[in-house]
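A short worksheet on the structure shown next.
Residue numbers (the working numbering): 1467 to 1782.
Shown next as structure tokens:
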């Protein structure tokens, strides 16, 4: 059987789904701030819409039970639900990006989900100033907000209110207002470069919300696979070329290690020879002493025998 042709483009697809009520419960707990720092980068936390930053979860956590459905959670704290929807979308987008880059060992902070205009706002102070201006404008529009609040309270009594919130969140994801400090286009993911100092790679993502779930799809690009997967020989050659310098250093260290170990062996061998020579000398000295002691004893014994014989002869 003829094997099929490989996919001709260096692309990977990843998808993920996240339950918004799960994120809602985390944000309502005392672990909310730590969760945001763990999942979102510093710039991503700055990109959270200003109206969602003021979401108060202090009184919500004590009221939440395990049996609460997502509709009741929405009605309990609409602003916190919108914040949870936003974060759940980012969470799903990052998980989808992980899956679209299976050959990379990415972490949460290696991926930044931004909108295109926010990418140009590299100066954090500028972003803060824009937010400050928006807050001032909001204060001026306080009267309008009161009217909207009254309308909102009426809508909360209706079942369609939850769907409206979802539409607002989705609208914010694709808002084209040039005054929006969080960006004006669809979200994109910036993945850190493979090597230190390399620019990040922009990959496409799409975020959607429906009911209690946020979904995301990522179209990733594999920079190490240009158009087709290289053959094993080409990969080996490229890997050798990349690691040529490090291999030479390794070989040099290895030769130095062999040389030093050989020198140690020679030194140990010479030391052993010297020790054996010393031991032989000591043994010869001991043998000589024993021999001299034996000869002296034999002479003494001979002298005693002679005296005894003389005494016998005298007695006779």
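Ideal Cβ positions, reconstructed from N, Cα and C, are used throughout, including at glycine. In this text, all values refer to a predicted model and were calculated from it rather than measured experimentally.
In the three-state reduction of the DSSP assignment, residue 1675 falls in the strand class. Comparing C-alpha distances from residue 1667 to each of 1743, 1572 and 1556 shows the shortest one belongs to 1572.
The shortest C-alpha to C-alpha distance from residue 1553 to any of 1679, 1739 and 1743 is the one to 1679. For residue 1655, the enclosing beta strand (DSSP E) covers residues 1653 to 1657.
In this structure the region 1512 to 1521 lies against the region 1534 to 1546, because at least three pairs of beta carbons, one per stretch, are closer than 8 Å.
Shown here for residue 1490: same chain residues with a beta carbon closer than 7 Å to its own, the five before and five after excluded, namely 1539, 1546, 1547 and 1550 in chain order. For residue 1478, the number of other beta carbons within 10 angstroms of its own is at least 16, and it is reported as buried. Taking C-beta atoms as the reference points, residue 1683 and residue 1481 count as a pair closer than 9 Å. Residue 1663 and residue 1657 have their C-alpha atoms some 13 Å from each other. Cβ neighbours of residue 1718 within its own chain (closer than 6 Å, five residues either side excluded): none. Taking the C-beta atoms as reference points, residue 1566 is found nearer than 9 Å to residue 1685.
Contact between residue 1492 and residue 1681 does not hold, since the beta-carbon distance rounds to 19 Å and is not under 8 Å.
According to the DSSP secondary-structure assignment, residue 1482 is paired through a beta bridge with 1682. Taking a 10 Å sphere around the C-beta of residue 1468, we find fewer than 16 other C-beta atoms and assign the residue as exposed. Under the DSSP assignment, residue 1563 falls in the alpha helix (DSSP H) whose first and last residues are 1544 to 1566. Here DSSP, grouped into helix, strand and coil, assigns residue 1577 to strand. Distance from residue 1494 to residue 1673 at the Cβ level is roughly 22 Å; contact not present, criterion being Cβ atoms closer than 8 Å. Here the alpha carbons of residue 1726 and residue 1577 stand approximately 47 Å from one another.
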